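Here's the structure, in C-alpha cells; my notes come after.
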Amino acid sequence: QKEVEQNSGPLSVPEGAIASLNCTYSDRGSQSFFWYRQYSGKSPELIMSIYSNGDKEDGRFTAQLNKASQYVSLLIRDSQPSDSATYLCAVGTGGYQKVTFGTGTKLQVIP
Amino acid sequence: DVKVTQSSRYLVKRTGEKVFLECVQDMDHENMFWYRQDPGLGLRLIYFSYDVKMKEKGDIPEGYSVSREKKERFSLILESASTNQTSMYLCASSPRTSGSYNEQFFGPGTRLTVL
C-alpha cells in the first residue's frame, strides 16, 4: 500500500466549476498536510497547508482534512484554465521533517 | 519570499562522468532535500540534511552522495553517472520547528540527461 495515494486523473472540469481533488494516507501519526501545484516542466509550488481537522480556505482554494478517515482534499472553486496542472498531496510523517508525496492528480479545466 | 536556486536548468552528461548539482537557499532554513521526479513515480527523496555537515539517506540514495559544508548550500553528487539517473532533480528547503513538519519550498529543478 502506498503511503500517500492520489488518483492520477486526468480530472476534467469545465471552466467555472468546482474541482475536487482527493488524497488518502496510511500513517495515522501524520501531522501535516500540504497541497502543491506543478505546471508541466516546472517545480512544485506550495498552495495550501493544513494541520488540524476541518476546512481551511484561501481565496478560491479550500483544503479539508479528516484524520479519522485519513483523507485530505482540495477544492478549487470557479476553476480557471490557468488551474490546469498536476496537484501533489504531501504528508508530514516519520522523523526529520520529511514529507511523503503522492504521485499527483492531473487537472484539466476546459474553457 | 523564500528563494531556492539550482545551478543548472538543463544538464547533459556522459555515462561515467562525475556530476555535481548545486542548490542554494537564502532563507536560513535548517533542512534541505534532494528529490528526483520521474513520470509515474512521483517525487522520491534521495538525501536530506537537517544541519551543516549532517546528512540522512532518503528512499533512493544508491549512486548518489551529498555535501553540506554551509547552511545555505546543499550539493548532490552523482559519483559515476548512469543512464538510469536521467531525471528531473529538485532541491527543496524548509525551516525546522520543534514538533511540526514545515512547508518545503522548491527550486526550479535541473533536468539531467545522461547519454
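The listed protein sequences derive, respectively, from chains A and B.
Take 39 as the starting number for the first sequence in our numbering and just add one per residue.
Take 1082 as the starting number for the second sequence in our numbering and just add one per residue.
Using N, Cα and C, we set each Cβ at its ideal position, and we do this for glycine too.
Predicted model, so just to flag it, every value in this text is computed and none were measured.
Assuming residue i and residue j form a contact by the criterion Cβ under 8 Å, report the distance between their Cβ atoms to the nearest whole angstrom.
i               : j               : result
residue 62(A)   : residue 43(A)   : 5 Å
residue 51(A)   : residue 147(A)  : 6 Å
residue 112(A)  : residue 73(A)   : 5 Å
residue 1183(B) : residue 1176(B) : 5 Å
What are the boundary residues of the beta strand (DSSP E) that residue i is part of?
i               : result
residue 1134(B) : Where residue 1134(B) is concerned, there is no enclosing beta strand (DSSP E), given that its DSSP letter is neither H nor E.
residue 141(A)  : Premise fails: residue 141(A) is in no beta strand (DSSP E) and is neither H nor E.
residue 1108(B) : Note, residue 1108(B): premise wrong, no beta strand (DSSP E); not H, not E.
residue 1141(B) : It is not in any beta strand (DSSP E) - residue 1141(B) carries neither H nor E in the DSSP assignment.
residue 93(A)   : 92-96
residue 87(A)   : 83-88
residue 1089(B) : Neither: residue 1089(B) is in no beta strand (DSSP E) and is coded neither H nor E.
residue 102(A)  : 99-104
residue 1157(B) : 1154-1159
Check each candidate in the options and name the one with the smallest Cα separation from residue i.
i               : options                               : result
residue 70(A)   : 56(A), 105(A) and 95(A)               : 105(A)
residue 137(A)  : 1100(B), 1128(B) and 1084(B)          : 1128(B)
residue 1143(B) : 1134(B), 1157(B) and 1132(B)          : 1157(B)
residue 1121(B) : 1091(B), 1176(B), 1168(B) and 1185(B) : 1168(B)
residue 1097(B) : 1185(B), 1159(B) and 1171(B)          : 1159(B)
residue 87(A)   : 129(A), 79(A) and 66(A)               : 129(A)
residue 140(A)  : 1137(B), 1118(B) and 1188(B)          : 1118(B)
residue 78(A)   : 66(A), 123(A), 149(A) and 119(A)      : 123(A)
residue 56(A)   : 135(A), 101(A) and 68(A)              : 101(A)
residue 67(A)   : 59(A), 90(A) and 81(A)                : 90(A)
residue 1140(B) : 1126(B), 1132(B) and 1131(B)          : 1126(B)
residue 41(A)   : 149(A), 127(A) and 135(A)             : 127(A)
residue 1116(B) : 1089(B), 1183(B) and 1173(B)          : 1173(B)
residue 1152(B) : 1146(B), 1163(B), 1134(B) and 1145(B) : 1134(B)
State the beta-bridge partners of residue i as determined by DSSP.
i               : result
residue 1118(B) : 1124(B) and 1169(B)
residue 125(A)  : 75(A) and 143(A)
residue 52(A)   : 148(A)
residue 1098(B) : Note: residue 1098(B) sits in no beta bridge, so no partner.
residue 57(A)   : 114(A)
residue 1175(B) : 1112(B)
residue 1030(B) : Within the shown structure, residues of chain B are numbered from 1082 to 1196, placing residue 1030(B) beyond reach of any answer.
residue 130(A)  : 70(A) and 137(A)
Less than 8 Å separating the beta-carbons of residue i and residue j?
i               : j               : result
residue 46(A)   : residue 131(A)  : no
residue 1187(B) : residue 1105(B) : no
residue 1155(B) : residue 1113(B) : yes
residue 125(A)  : residue 145(A)  : yes
residue 1193(B) : residue 1095(B) : no
residue 1171(B) : residue 1124(B) : yes
residue 1138(B) : residue 1130(B) : no
residue 1111(B) : residue 1088(B) : no
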